[in-house]
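Numbering (our numbering), first residue to last: 4 to 319.
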């Protein structure tokens, strides 16, 4: 198909000229109308070829740029995947090494026919064994792994996790009292949106009805104007509150000892940790404790009866 010939401009009648004017006037350029039809057809075709060439060059350049970007993304993804594999390998190696170490020690206890306890944090499960024989097995609750941070200048922080490694039953307690650490009061105050106030011997805090909160002997009491002293009754979730302040009782006072929280018995493992009962049986089987190993109250009674002091405890 040939290009259409552009329409010819209308002819203009020539102006009359004189011989002198004709001689002096330069030759006029050829009119488009006088150009050959083939030249007219080649001009648009040439422009199209140039435009097509320019477009092809741009497309080639853009494809090359996109290819480079894709290659960079593949390299970055490969590097990230390699790093992730390395991290997982190290993590698995640490976990496997600890388990292998504990398995080796447990194997030695098995060979010597020494009874021992194994606790799996991942499974929240406890086994009491002698050699290959399982003497007792039950579900437990272990550390939640959560963090608690104290607001203010000190910025203390606690992480609630069960310690891993080899522990030993150091003693067996009957009707153990829980002596709540400082983090308990920090946690309680944050939940209730109260300020913390650490009560010291000799300190008094104004109380309603004209009384004061103070320490008398081994008790934190409300002392009234008539001289009466009424000790505070406390338990987990029922701390001493005065106005917008939550009182932290001193160690050694009865208000810093909670009864019934740990069940009837405890196997103490040292450094504040132990295997004990609970007043929250629904937590068993979950990562829900502040670091100790919780069991059902009937299970701690069984363990208390059959596990001697000095028994190794392997936690992994």
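All C-beta atoms in this analysis are idealised placements derived from N, C-alpha and C, irrespective of residue type, glycine included. It should be emphasised that the depicted structure is a prediction, and the values quoted were computed from it without experimental measurement.
Counting other Cβ atoms within 10 Å of its Cβ, residue 262 stays below 16 and is therefore classed as exposed. Residue 291 and residue 277 have their C-alpha atoms spaced approximately 15 Å apart. Look at residue 139 here: in three-state DSSP terms it is strand. Following the DSSP letters along the chain, one finds residue 160 inside the beta strand (DSSP E) bounded by residues 160-162. In this structure, residue 165 lies near residue 318, with their beta-carbon atoms less than 9 Å apart. Distance from the CA of residue 267 to the CA of residue 241, rounded to the nearest whole angstrom, comes to 21 Å. Nearest in C-alpha terms to residue 247, of all of 199, 239 and 280, is 199. In this structure, residue 224 and residue 233 form a Cβ contact; the two beta carbons are roughly 6 Å apart against a cut-off of 8 Å. Relative to residue 162, the option among 151, 170 and 169 whose CA is nearest is 151. Beyond the five residues adjoining it in sequence on each side, residue 126 comes within less than 7 Å, by CB distance, of no other residue in the same chain.
Looking from the CA of residue 285, the closest CA among 133, 143, 122 and 123 belongs to 143.
Counting other Cβ atoms within 10 Å of its Cβ, residue 302 reaches 16 or more and is therefore classed as buried.
Around the beta-carbon of residue 207, fewer than 16 other beta-carbon atoms lie within 10 Å, marking it exposed.
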